[in-house]
Amino acid sequence: MFSILIGSFLLSVLHAIIPNHWLPVLAIGRREKWSAAETSKVTLVAALAHGLSTVVIGLLLGFLGNSMAQKINHFTHLVAPIIFIILGTFFIYRHHRHKHFQLSDVPQKIYSKNRIIIALVLAMFFSPCMEIEAYFLMAGTQSQWLVVIIAAMYVVITAAGMTWLVSRAYKGLLKLNWHALEHNAGIITGITLIITGILSFFIF
93 MFSILIGSFL LSVLHAIIPN HWLPVLAIGR REKWSAAETS KVTLVAALAH GLSTVVIGLL
153 LGFLGNSMAQ KINHFTHLVA PIIFIILGTF FIYRHHRHKH FQLSDVPQKI YSKNRIIIAL
213 VLAMFFSPCM EIEAYFLMAG TQSQWLVVII AAMYVVITAA GMTWLVSRAY KGLLKLNWHA
273 LEHNAGIITG ITLIITGILS FFIF
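Take 93 as the starting number for the sequence shown in this note's numbering and just add one per residue.
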């Protein structure tokens with residue numbers, strides 16, 4: 093349970109700071125001459141939409157994990173950790189193709205503010221974070237409360253992280269190598285999943 097919580101926390105933080113998640117909102121906010129407060133509010137709404145679709149899928153997987161643990165012997169001890177390791181290996185393999193949401197996903201023509209916000213929210217809603225879903229599956233084998241805790245943690249970290257980063261970046265207070273972070277996000281995600289799988293194999 094501890095490894096699941098730590099792993100899901102790390103991935104939640106990672107995916108809150110990945111530029112693909114919030115940089116398009118920042119770019120559009122500046123293009124449309126929104127204030128820092130307006131841009132932050134739109135980011136919060138988009139982040140909540142992104143978190144909602146991720147959590148909905150996660151809750152379903154949590155229920156599936158609980159069902160599998162009851163029906164299949166060794167699911168928690170063997171099958172679930174193997175799933176983590178396979179997924180981790182897969183994300184490392186495809187890290188250079190990692191894509192959640194890019195500025196090109198949003199209409200570049202001049203539309204009304206409401207249309208732009210709707211486009212942003214829909215784009216974020218239909219690009220859930222699939223990397224963290226394995227944690228929901230594994231959490232379901234342990235406790236339904238653990239699934240709820242991970243869901244709440246993911247939404248809070250995603251919404252708060254993205255909104256804070258946009259507010260800081262809007263004011264020019266962030267001086268980080270975002271390209272390097274984005275490029276290595278898949279590797280970090282994969283390693284986190286593999287370590288969780290290995291720990292789960294020996295702990296459970």
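Backbone N, C-alpha and C fix where the C-beta goes; we use that ideal spot for every residue, glycine too.
Counting along the chain, Met216 sits inside the alpha helix (DSSP H) bounded by residues 205-217. Inter-residue distance for Asn158 and Leu152 is about 10 Å (C-alpha atoms, whole angstroms). CA-to-CA, the gap between Met245 and Met222 works out to about 16 Å.
In the three-state scheme derived from DSSP, where H, G and I count as helix and E and B as strand, Thr233 is classed as coil.
A direct Cα-to-Cα measurement between Met93 and Ser204 gives close to 47 Å. For Ala226, same chain residues with a beta-carbon under 7 Å away, outside a window of 5 residues either side, are Ile175, Phe176, Leu179, Leu285 in chain order. If you draw a 10 Å sphere on the C-beta of Tyr185, you find fewer than 16 other C-beta atoms in it, and that means exposed. Per DSSP, the unbroken alpha helix (DSSP H) holding Ser100 starts and ends at 94-109.
For Val213 and Pro220, the gap between their C-alpha atoms comes out near 12 Å. In this structure Leu238 does not touch Ile109 by the C-beta definition: roughly 24 Å separates them, more than the 8 Å allowed.
About 7 Å separates the beta carbon of Phe218 from that of Ser145, a gap short enough to meet the 8 Å contact definition. Within a 10 Å sphere around the beta-carbon of Gln234 sit 16 or more other beta-carbons, which makes this residue buried.
Between Val134 and Gln162, the alpha-carbon positions lie close to 42 Å from each other. Counting only the Cα atoms, Glu130 lies some 14 Å from Trp114.
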